[in-house]
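2 protein chains.
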Amino acid sequence: MKDSPDPSVLFRIFNEIAIIEQLSRARLEERLPPGLIAPHFAVISHLINRGDGAMPIDMARAFQVPKTSMTHTLKGLEKAGYVEMRPNPDDGRSKRVWLTAKGRALREDTIQAMAPEMLQVIADFDLERLLNILPVLTDLRMTLDAARDPK
Amino acid sequence: MKDSPDPSVLFRIFNEIAIIEQLSRARLEERLPPGLIAPHFAVISHLINRGDGAMPIDMARAFQVPKTSMTHTLKGLEKAGYVEMRPNPDDGRSKRVWLTAKGRALREDTIQAMAPEMLQVIADFDLERLLNILPVLTDLRMTLDAARDPK
DNA sequence: GTTGACTGGTTCGATATCGAACTATATAGA
DNA sequence: TCTATATAGTTCGATATCGAACCAGTCAAC
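Here you go:
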């Protein structure tokens, strides 16, 4: 008969992850233009990775945030000229989000600006260990995502 | 001459970590009493782990948040009866934060309430892999923390 | 085709986060 | 001792997050 494992390891992992998230977010936001914060950058990144023309509701689901939050984030990006919102010709209810050249440049410039800092962390750390945890984190993210309440 | 390593692995790690943080935070907040969110729980946890009687400014530094945010979080905890704020007899400028019995119970009850979910994740996943990444996450957190801007 | 349920998006109100300015206390230097 | 600087905490204003309610467009049942 197998012992029930101790759940505390997961609590400790989530705790470390929460701290790392906060520190890395602060690092990112230092590099962003004033008025932009991490969610703005995450949206632009998503549009580059997955292709633009996406519907706001799908992005809200992808980020696991309420659609009202996505409305607000997109409004900020649009006002600053990083994205354009156009109606969806296939569905009168929805819109589609398109990156502008300024939006694409922001992503590129920010990555460039952060690269030295990232390289420094890698140098202080150990690349091999980082490479090893990435697939585990990906699997953990997928497990959590699959098990979430399908509200 | 050694190639410069690719910083993209760090970007991907931070991205996965940001998603996991969001999912695990949502799981925690589902279990908390209405009006309490993750930072409230984190503060209570911190006071149990490190001992209460701490000064708000030290907690703000530990969590890497502005002191105004800590003031706000503590005010919420105090109003709901989870902590008590008392003046610091050693320094007229500062206060000390003490847990109430209700605060200690909240921590215990929340962990109990989440345990089944945590065990399910461990069962769906693989305990060994989780145990392996914990020390790497801890080291990464310490590296980031040590390298941060000492503003 | 009409009706009723559903879906994408916004508005609104409540709370959260955070930087700037301010108050009160403490401390170091003359 | 007096004064200047530093520190702990709060207040205030701007923006962010999020749930509830609402509107407009879609779709399924009839």
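Chains as they are written, first to last, in the working numbering: chain A, 1 to 151; chain B, 1001 to 1151.
Each residue gets a CB set at the ideal place from its N, CA and C atoms; glycine is no exception.
Every unbroken beta strand (DSSP E) inside the stretch 1066 to 1140 of chain B [3 residues or more]: 1083 to 1087 and 1095 to 1099
Cut-off 8 Å between Cβ atoms - residues of its own chain near residue 1095/B, not counting five sequence neighbours on either side: 1055, 1056, 1085, 1086, 1087 and 1088
Alpha carbon of residue 1022/B to alpha carbon of residue 70/A, nearest angstrom: 15 Å
Residue environment, residue 1029/B, which counts as buried when at least 16 other CB atoms sit within 10 Å: exposed
Any chain B beta carbon closer than 8 Å to residue 141/A: yes
Members of the stretch 110 to 129 of chain A that neighbour chain B once the beta carbon cut-off is set at 9 Å: 111, 114, 115, 116, 117, 118, 119, 120, 121, 122, 123, 124, 125, 126, 127 and 129
Inter-residue Cα distance where the pair is residue 1060/B and residue 1042/B: 12 Å
Short CB-CB distance (under 8 Å) between residue 26/A and chain B: yes
Residue 54/A - partner residues in DSSP beta bridges: 97/A
Contact with chain B by residue 144/A, beta-carbon distance below 8 Å: yes
For residue 6/A, the three-state DSSP class (helix, strand or coil): coil
Meets three-Cβ-pair contact criterion under 8 Å: the stretch 1123 to 1142 of chain B and the stretch 10 to 19 of chain A: yes
Inter-stretch contact (C-beta, 8 Å, three-pair minimum) for the stretch 98 to 105 of chain A and the stretch 1100 to 1119 of chain B: no
Within 8 Å, strictly: CB atoms of residue 1048/B and residue 7/A: no
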